[in-house]
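Numbering (full-length UniProt numbering), first residue to last: 1 to 881.
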């Protein structure tokens, strides 16, 4: 485990490597405790580099057995070797030579799950970002592109399946029950995309015919006996391949495409060229074990990793500062895919909710960084919501500014110009400038500048002059290491809505560039005047969430109620109602802190009822609209002095008020939504289940609610309904006989199914209230829980710390103490997972003083721990800074 934390990597310090590795040959002799690897690297000195320049290769905890150049073994004086670095002091004078390295590694002892590891009797790799250096010494950086040939040898009875990147070349039997396979990937790739999987796995086979008529062999490999659970993933893969051809003109390039699902994996999935490795929770699904959300996630993540074949693999990143070039762009592509497969409006609302829940707090806290960071100490800690989700929004804004046709032309040029290269954000922006003739220099600040911009908007109407005016002011709040901000180019989609709910047209506009329903904000202040408007309209702003900003709009509640009922833009209609809910909850929070009972306007509950019963809206949309803003979302909007218990009380009071006002209507609608046909994971069916389950959540607050939820649980025929009922019982009626009986029944039914029991852990970790700390401690001793498995840790500890505001932020600090103890426990095995957990305290300064002091103490306890990993130390120190 690396504990060095002093070096800061800076974008400005980038320089091309003195050496390249155009070809790499790897020969693995697999063994759990002593895997022997012979690496034959074709080394080429870059043009203009002095022959005397040493060759310095990266390593991480390696045991070197031998070094040779062009067939001649090197003496000890010819090189310097440590477990973390190999330096060839005097490389040959010839520009090109072959370096032979022999190393030995112990996959079974690799609990960090980076590099080559062995878990559940399966060998697996994870090399992004810097895991390849744990396998052999290498120029382990993304701008070193190499053609790989891989030979894998193992006992046939232990590992009948031998997989790597590219196309299969040869396989055969050897003496002593061993066998081998050779794979060749003709496409140069960086070391982070190398993959190897070996073990006994079942296969689901398929095929896909590409747009040019090529037949591609598809394989999804899972634990034996789970093949029946991979059918939906295979279908999603085929749809992804077809969609990328239709939407972006991208055709798959190898003869085979394989996916492997493993149970011990740090990430969601990894896009290794031709051999994607997945956390099995994003592959395995049927109605008995997976929720509708699981099906949607599988669809999206299968697509995301496949889309990386072009945006990440064929065109990769020059350096890790450019991570958003592959991740932000590919998230945008998978969002568009999911929108086309499902409901575009519902998908957009879900995306924005995710962005606000995870990226906005990041932008507003001590871990803020630009979409393209300028410096880092540990790159693993920059696989963030800013890089991924905000990075996607930046790509979306390019499309909004240029229009869909020009955007597609720019993407086509990007693929044509940079195929086979390691590119930069500047390369990406340049193609859009070239196809559009526009200067995107100001827009590029979205990549370079941290923080969430805010627009303050007021309006006025002059009836006599028939003129409507918008006053818009831009600001970007300061962030760590960046107190002075430059003005951004913000594409603000908008609409003017008349009293009849129809769009209002204008004769002319001045004060800003306005085209295709978008105001282009480029200055600090804009006065935008619309002529020819006789009656004052309502203003719908940031339609479709055209820019990842916050809005401060001087708008009366009547306008918000009107837009929530009549806005033609589905996102803005949802936003108007969500704003009304948020404002009501913040007011209730302040009333509770003042010792008063919260009071809510009757028309808010009435509007909730109208939305729930509006048959012109799809059920999934209505379900999202009825979902109250989360406790963390409310805390973010309040900003400081946060008392999570008061926020919880405000939210409970509003939910109860809505339920009481709509008891009969909600009950009738709930009854009408019973599934009558066979289960289907399609969007429409999932939407009906979502609406019925959120109605159950409201109705459970009323007399008889526990019994209703218990009957829902007992009658459930799929995991979506069963898990929803269990959550309602345990969260709305914790400790009751109904809740305890349901928990026991769920555990008994799914004992032995780790992925389903993750839901059981997760639901209990989310139970609000002070007692959950003790419950989490108890569950950590459960036989099904393992501190070594990332999925178990995320389901229990991750849920408790990130999604249970009242339990985690218990006033006496016990939640923080449990959290700090557990993070340090995880860190000894898996620094990457521990560092990701630790981000749960990023907003500690927003808490009220008592909790704030206790949260700070927990961070200090982690900071002073001995031999702290580079990953965790980086997060803790930046959070405390």
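Idealized CB from N, CA, C, for every residue including glycine.
Between the Cα of residue i and those of the options, spot the shortest distance and give me the residue it belongs to.
| i | options | result |
| --- | --- | --- |
| residue 724 | 292, 390, 129, 466 | 292 |
| residue 207 | 258, 813, 848, 169 | 258 |
| residue 363 | 480, 714, 706 | 480 |
| residue 812 | 720, 852, 461, 602 | 852 |
| residue 375 | 70, 762, 323 | 323 |
| residue 120 | 148, 662, 280, 304 | 280 |
| residue 521 | 390, 580, 349, 457 | 457 |
| residue 151 | 165, 551, 646, 359 | 165 |
| residue 766 | 738, 801, 753 | 801 |
| residue 353 | 624, 461, 90, 63 | 624 |
| residue 229 | 265, 253, 445, 289 | 289 |
| residue 670 | 696, 176, 718, 703 | 696 |
| residue 886 | 377, 862, 123, 775 | Outside the shown range of the chain (1 to 881) lies residue 886, about which nothing can therefore be said. |
| residue 837 | 864, 808, 849, 847 | 808 |
| residue 810 | 284, 650, 428, 769 | 769 |
| residue 381 | 447, 233, 874, 184 | 874 |
| residue 542 | 648, 737, 397, 102 | 397 |
| residue 454 | 474, 462, 702 | 474 |
| residue 686 | 427, 167, 343 | 343 |
Is it right to say residue i is buried, meaning 16 or more other beta carbons lie within 10 angstroms of its own, or is it exposed?
| i | result |
| --- | --- |
| residue 386 | buried |
| residue 331 | buried |
| residue 554 | exposed |
| residue 370 | buried |
| residue 405 | exposed |
| residue 674 | exposed |
| residue 224 | exposed |
| residue 778 | exposed |
| residue 552 | exposed |
| residue 644 | buried |
| residue 567 | buried |
| residue 359 | buried |
| residue 926 | In the structure displayed, the chain extends from 1 to 881; residue 926 sits before or after that span and is not available. |
| residue 341 | buried |
| residue 839 | buried |
| residue 558 | exposed |
| residue 131 | buried |
| residue 185 | buried |
| residue 556 | exposed |
| residue 798 | buried |
| residue 499 | exposed |
Just checking my contact of residue i with residue j at CB under 8 Å: how many whole Å lie between their CB atoms?
| i | j | result |
| --- | --- | --- |
| residue 125 | residue 194 | 7 Å |
| residue 805 | residue 627 | Their Cβ separation, rounded to whole angstroms, is 16 Å, which puts residue 805 and residue 627 out of contact at 8 Å. |
| residue 96 | residue 136 | Not confirmed; about 20 Å, so no contact. |
| residue 69 | residue 92 | 6 Å |
| residue 23 | residue 216 | Contact doesn't hold; Cβ gap of about 25 Å is too wide. |
| residue 582 | residue 452 | That pair is no contact at about 16 Å. |
| residue 654 | residue 600 | 6 Å |
| residue 546 | residue 504 | Between residue 504 and residue 546 the Cβ distance is about 19 Å, and since that is not below 8 Å, they are no contact. |
| residue 62 | residue 103 | 5 Å |
Is residue i near the ligand FMN, with its Cβ less than 7 Å from a heavy atom?
| i | result |
| --- | --- |
| residue 251 | For the structure depicted, the ligand FMN is absent and the ligand set is empty, with no information on it obtainable. |
Any contact of the segment 631-639 with the segment 577-591, i.e. 3+ C-beta pairs under 8 Å? yes
Determine, using beta-carbon pairs with one atom in the segment 294-302 and one in the segment 310-317, whether at least three such pairs fall under 8 Å. no
Indicate whether the contact test is met: 3 or more Cβ pairs, each with one atom in the segment 461-470 and one in the segment 525-541, closer than 8 Å. yes
Every unbroken beta strand (DSSP E) within the segment 532-618, with a cutoff of 3 residues, ordered by chain: 538-541, 550-553
Can at least three beta-carbon pairs, one atom from the segment 430-443 and one from the segment 532-547, be found at a separation below 8 Å? no
Between the segment 74-86 and the segment 783-793, are three or more C-beta pairs nearer than 8 Å? no
Would you call the segment 153-166 and the segment 80-97 touching, i.e. three or more CB-CB distances under 8 Å? no
Using a Cβ distance threshold of 8 Å, determine whether the segment 573-584 contacts the segment 613-633, with at least three qualifying pairs required. yes
Meets three-Cβ-pair contact criterion under 8 Å: the segment 852-871 and the segment 831-842: yes
Given 8 Å as the limit, is there contact between the segment 481-488 and the segment 379-393, that is, 3 or more CB pairs closer than that? no
Could you tell me which uninterrupted alpha helix (DSSP H) segments, each at least 4 residues in length, are contained entirely in the segment 490-514, listed from first to last along the chain? none
Alpha helix (DSSP H) segments (min. 4 residues) lying fully within the segment 223-305: 231-248
Counting pairs of Cβ atoms below 8 Å between the segment 697-707 and the segment 731-742, do you hit three or more? yes
Just list the alpha helix (DSSP H) runs in the segment 768-833, keeping only unbroken ones of 4 residues or longer that don't cross its boundaries, in chain order. 772-779, 790-793, 799-803, 805-808, 814-827
Can we say the segment 508-523 touches the segment 405-417, given the rule of at least three CB pairs closer than 8 Å? no
Assess, as a yes-or-no matter, whether the segment 250-267 is touched by the segment 231-241 under the definition of 3 or more beta carbon pairs within less than 8 Å. yes
Residue ranges of each beta strand (DSSP E) run of no fewer than 3 residues wholly in the segment 129-162, ordered along the chain? 146-155
Please list the segments of the beta strand (DSSP E) lying wholly inside the segment 414-502, counting only runs of 3 or more residues, in order along the chain. 454-462, 467-475, 490-497
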